[in-house]
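Peer 1: In my numbering, the protein residues as written are 7 to 261.
Glycine included, every Cβ here is placed at the ideal spot set by N, Cα and C.
#1: Please state the DSSP three-state secondary structure of residue 194.
#2: Which residue wins for smallest C-alpha separation from residue 182, given the options 104, 111 and 251?
#3: Helix, strand or coil: how does DSSP classify residue 63 here?
#4: So what does residue 38 bridge to, in DSSP terms?
#5: Using C-beta distances below 8 Å, list every residue in its chain close to residue 245, excluding the 5 sequence neighbours before and after it, in chain order.
#6: For residue 19, which beta-bridge partners are listed by DSSP?
#7: Does the CB of residue 61 have a neighbour CB from chain D at under 8 Å?
#8: When the distance is taken between beta carbons, is residue 77 closer than 8 Å to residue 43?
#9: Excluding the 5 residues preceding and the 5 following residue 25 in the sequence, name in chain order all residues of the same chain whose CB lies nearer than 6 Å to its CB.
#10: Assign residue 53 to one of two classes, buried (16 or more other C-beta atoms within 10 Å of its C-beta) or exposed (fewer than that).
#11: Looking at the structure shown, is residue 152 part of a helix, part of a strand, or coil, going by DSSP?
#12: Can you tell me which of 131, 68 and 14 puts its alpha carbon nearest to the alpha carbon of residue 23?
#13: For the candidate residues 129, 50 and 102, whose alpha-carbon lies nearest to that of residue 31?
#14: Going by the DSSP bridge assignment, what does residue 13 pair with across the sheet?
#15: Contact between the stretch 164 to 180 and the stretch 193 to 201 is defined here as three or more beta-carbon pairs at a separation below 8 Å; is this criterion met?
#16: Using the Cβ count rule (16 or more neighbours within 10 Å means buried), how would you classify residue 250?
#17: Quick check on residue 91: buried or exposed, where buried means 16 or more other Cβ atoms within 10 Å of its Cβ?
#18: Using only alpha-carbon positions, find the residue among 123, 95 and 248 that is nearest to residue 107.
#19: Drop a sphere of 10 angstroms on the beta-carbon of residue 158, count the other beta-carbons inside from all chains shown, and report buried for 16 or more, exposed for fewer.
#20: Mind checking which residues open and close the alpha helix (DSSP H) that includes residue 107?
#21: Would you call residue 116 buried or exposed, if buried means 16 or more other Cβ atoms sit within 10 Å of its Cβ?
#22: Please state if the CB of residue 121 and the CB of residue 86 are separated by a distance shorter than 8 Å.
#23: Note down, in chain order, each residue of its chain lying with its Cβ closer than 7 Å to the Cβ of residue 247, except the 5 sequence neighbours on either side.
#24: When you compare only the Cα positions, how much space is there between residue 51 and residue 102?
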């Protein structure tokens, strides 16, 4: 998205379209809020009640002399929103820690775990987009001659805070990718164990099956067919042929 579509300025006005992170059901989306700075006044256009604005109103009413015009109010809104984004990132980090404990303890490793990892990846991406949007808007605002000089340093500090939070989203992405790769690795290990068992069982039962097939051919000239202990001999031979591979596998540590 070009900056011009989110921020534009003329001789009298500054127009800003900023993302605000909101929860909608189980999902998080970026809601666009419009700000219009006209001389010393701030006009906001939003389509739902947002906690950031009610907190800003409380802050302004508690110390009205610190908010001389709309630029100071806008700065307060961004400051409160950035603090809220930081709290959201902290929540995501705690949830990732929970997922990490599940993965490495091997308890309840199901498809739902992979869905949770994917969910927090999307959540983390949404907040990253939100932070990047604020970073670009505040940077554009800093270039404006209309912004009071005593607010410029505060805006620069905000950009530094945002940069730190963006770095933290990168850290969360790395952790989620690691957990996803670990999860898939554990699934592969479990699948290999199952395949190993089936392979060993096939090898163990192959010799007895072969012996049974030989003595089941019923040819006329088979000396064992007339032998009194022929059946017992065949059964013992089948058992021994199954035990021998089992003994070899156990000795080599394959079982």
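Peer 2: On the basis of the coordinates in this document:
#1: Three-state result, residue 194: helix.
#2: 104
#3: helix
#4: 25
#5: 214
#6: 44
#7: The structure shown has no chain D; it contains just one protein chain.
#8: yes
#9: Counting only Cβ-Cβ distances below 6 Å, and skipping sequence neighbours, we find 36, 136 and 139.
#10: So residue 53 counts as exposed.
#11: coil
#12: 14
#13: It is 129.
#14: 22
#15: no
#16: exposed
#17: buried
#18: Relative to the Cα of residue 107, the nearest Cα in the group 123, 95 and 248 belongs to 123.
#19: exposed
#20: 76 to 111
#21: Taking a 10 Å sphere around the C-beta of residue 116, we find fewer than 16 other C-beta atoms and assign the residue as exposed.
#22: No, the Cβ-Cβ distance between residue 86 and residue 121 is not below 8 Å.
#23: 213, 214 and 217
#24: In this structure, the CA atom of residue 51 is about 35 Å from the CA atom of residue 102.
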